[in-house]
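Taken in order, the sequence shown gives residues 1 to 170; the numbers are from the working numbering. The structure under discussion appears below in the form of structure tokens.
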Amino acid sequence: KSVTADNLLSSQKQKGSTVPNMLLFKASEMNGVWLIDGQKLPIIKTSLTSENILTIENTSNSKFLNLVIPSLKFSVIAKNHFLFNQPLEISEENSGSEILWLEPMSTLTIAFRNDLADAPLQAIVSVSKRSKKVLAIFGPDQGGKFNLSDSTAPSAETVYSDYGFMIKNE
Numbered sequence: 001k002s003v004t005a006d007n008l009l010s011s012q013k014q015k016g017s018t019v020p021n022m023l024l025f026k027a028s029e030m031n032g033v034w035l036i037d038g039q040k041l042p043i044i045k046t047s048l049t050s051e052n053i054l055t056i057e058n059t060s061n062s063k064f065l066n067l068v069i070p071s072l073k074f075s076v077i078a079k080n081h082f083l084f085n086q087p088l089e090i091s092e093e094n095s096g097s098e099i100l101w102l103e104p105m106s107t108l109t110i111a112f113r114n115d116l117a118d119a120p121l122q123a124i125v126s127v128s129k130r131s132k133k134v135l136a137i138f139g140p141d142q143g144g145k146f147n148l149s150d151s152t153a154p155s156a157e158t159v160y161s162d163y164g165f166m167i168k169n170e
């Protein structure tokens, strides 16, 4: 069974009952300001019911991008499309102080589930010596309705290599 799993329109195999929500964002620096997909402060809809896999690409040829995502439990699963042997788990309590570092022309991929109870909206924040700036806001798309999510039920573990990520041979 094939499904469209991301905004790049690639077909992926479906292993479980829900397909992760695949997102790709390109961060570019223009005149000292970081933009996400060419926009200042876009609002991004994520899934409330399935896992979100977010890849951030630093498209700059020379600028490093340091990010934090405050108040969100997530896992760092891949760098430059290569899966880590063990995902780096970031707790909600530590997420605002754990810096995600993207070298020029590199990608970093995180995985998370939304939890409306604790943090309905999240931010991607760039961090430098001089400032912290919100680059994007994201949160679950509820279709204009309030309802409680079934996401608190245990779900099958996602096999990330099924969605185009490579495994390093050691």
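The C-beta atom is built at its ideal place from N, Cα and C for all residues, glycine as well.
Open item on the list: Check this for me: beta carbons of Ser75 and Leu67, under 9 Å apart or not?
Closed with: no
Task: Per-residue DSSP class, three states only, for Val134 - done: strand
TODO: Identify which residue in His81, Arg113, Pro70 and Leu65 has its Cα closest to the Cα of Lys129.
DONE: Leu65
Open item on the list: Taking 8 Å as the cut-off, is the C-beta of Ser71 nearer than that to any heavy atom in the ligand MG?
Closed with: In the structure shown, the ligand MG is absent, as is every other ligand, since no ligand is present at all.
TODO: May I have the straight-line CA-CA distance separating Phe138 from Trp101, to the nearest angstrom?
DONE: 20 Å
Open item on the list: Once the 5 residues before and after Ala123 are set aside, which same chain residues still bring their CB inside 6 Å of it?
Closed with: Val134 and Ile137
- [ ] Could you tell me if Glu93 is buried or exposed, where buried requires 16 or more neighbouring beta carbons within 10 angstroms of its beta carbon?
- [x] exposed
Open item on the list: Between the alpha carbons of Thr107 and Asn61, how many angstroms are there, rounded?
Closed with: 13 Å
Open item on the list: Using only the alpha-carbon positions, how far apart do Ile99 and Val127 sit?
Closed with: 8 Å
- [ ] Taking Ser131 and Ser95 to be in contact with their CB atoms under 8 Å, please state how far apart those CB atoms are, rounded to whole angstroms.
- [x] Not really, about 19 Å apart at Cβ, beyond 8 Å.
TODO: Measure the alpha-carbon distance for Asp141 versus Trp34 and round it to whole angstroms.
DONE: 25 Å
Open item on the list: Among Phe25, Ile77 and Phe82, whose alpha-carbon lies nearest the alpha-carbon of Ile58?
Closed with: According to the sequence as given, residue 58 is Asn; it is not Ile. For the residues Phe25, Ile77 and Phe82, the minimum Cα distance to Asn58 belongs to Phe25.
TODO: Please name the residue, chosen from Pro120, Ile36 and Asn114, that lies closest to Glu51 on a Cα-to-Cα basis.
DONE: Asn114
TODO: Please list, in chain order, all residues of the same chain as Ile110 whose beta carbon is under 7 Å from its beta carbon, the five residues on each side excluded.
DONE: Leu54, Phe74, Ser75, Val76 and Ile77
Task: Host beta strand (DSSP E) of Phe25 (start-end) - done: Asn21 to Met30
Open item on the list: If you follow the beta strand (DSSP E) that Leu83 is in, where does it begin and where does it stop?
Closed with: Phe82 to Ile90
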